[in-house]
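In terms of my numbering, the sequence shown opens at residue -1 and continues consecutively. Glycine included, every Cβ here is placed at the ideal spot set by N, Cα and C. Source: prediction; values computed, not measured.
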Amino acid sequence: MCARDPLSVERDERTGSSARDSGCADCPRQQRSGKFCDIGEWLRIPCTITSGKDGEFGAVRSVANEVLVGKTELSYTYTQTVREGRPYNLYHGTLEARPVTASTSKIVYTLFFDNSMLANDAAREADKARRITQFTAALQNMKILAEGGTLPPAPARGRGAPQAGDADGRRN
């Protein structure tokens, strides 16, 4: 994968109606696409707003110092900024609650990043597989919560599990 051909990964889950993602006309935006730090609950990691206000452009969350760079009534987009000592990978994510019917939505989480700086195709494929696994689990957790369920206890934190400030599985 070369820098001019970044990798885009998209997964979706369908969920029943809820204030969190149903697209109902009377629901506040943050209840439709979620709050910017809700990712902490889905990924089972701590998340706080470190700069700005939750839901406003330029807000920064503690997960990889991600910055809110775009939003609509049913979605938001964030980026990971350049970090000293690490190659920049163009990492962006978009979370969208896309209405399908009056009572269901499709949760779409799109990741866009360039992993061309990794050593070889095997490393790039392993990186892609890890991200797919991580964000598929997050989508499943979003679905459980959107439908009013409760998440089971979080697995024990071990080597390789994302830590706070580490949504992409790498240290800051």
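- N-terminal and C-terminal residue of the beta strand (DSSP E) that alanine 95 is part of: 90 to 97
- Task: State the start and end residues of the unbroken alpha helix (DSSP H) segment that holds isoleucine 47.
- Result: Not the alpha helix (DSSP H): isoleucine 47 falls in the beta strand (DSSP E), residues 47 to 49.
- For threonine 70, which beta-bridge partners are listed by DSSP? Ser73
- Output the boundary residues of the alpha helix (DSSP H) element that contains leucine 143. 119 to 144
- Task: Quick one: using the 10 Å Cβ neighbour count with 16 as the cut-off for buried, is alanine 177 buried or exposed?
- Result: There is simply no residue 177 to check, as the chain begins at -1 and stops at 170 in what is shown.
- Determine the contact status of threonine 70 and histidine 90, defining contact as a CB-CB distance below 8 Å. no
- Message: Less than 8 Å between the C-beta atoms of alanine 136 and leucine 66, yes or no?
- Response: no
- Message: Measuring straight from C-alpha to C-alpha, what distance separates asparagine 113 and glycine 32?
- Response: 28 Å
- Note down, in chain order, each residue of its chain lying with its Cβ closer than 6 Å to the Cβ of glycine 68, except the 5 sequence neighbours on either side. Thr75
- Which residue comes first and which comes last in the alpha helix (DSSP H) that contains isoleucine 43? Taken as a continuous stretch (DSSP letters only), isoleucine 43 belongs to no alpha helix (DSSP H), as it is neither H nor E.
- Item | Residue from Asn118, Thr99, Asp125 with nearest C-alpha to phenylalanine 111 | Asp125
- Task: Measure the CB-CB distance between leucine 72 and glutamate 94 and report whether it falls below 8 Å.
- Result: yes
- Message: Looking only at its chain, what residues have a beta carbon closer than 8 Å to the beta carbon of leucine 143, apart from the 5 residues adjacent to it on each side?
- Response: Arg18, Glu39, Trp40, Leu149
- Could you pull out every residue in the same chain whose Cβ sits closer than 6 Å to the Cβ of serine 49, ignoring the five residues on either side in sequence? Val58
- Just checking my contact of arginine 122 with valine 106 at CB under 8 Å: how many whole Å lie between their CB atoms? With a Cβ gap of about 23 Å, arginine 122 and valine 106 do not count as contacting.
- Measure the CB-CB distance between serine 60 and threonine 46 and report whether it falls below 8 Å. yes
- Nonlocal neighbours in the same chain, by C-beta distance under 7 Å from alanine 100, ignoring five residues either side: none
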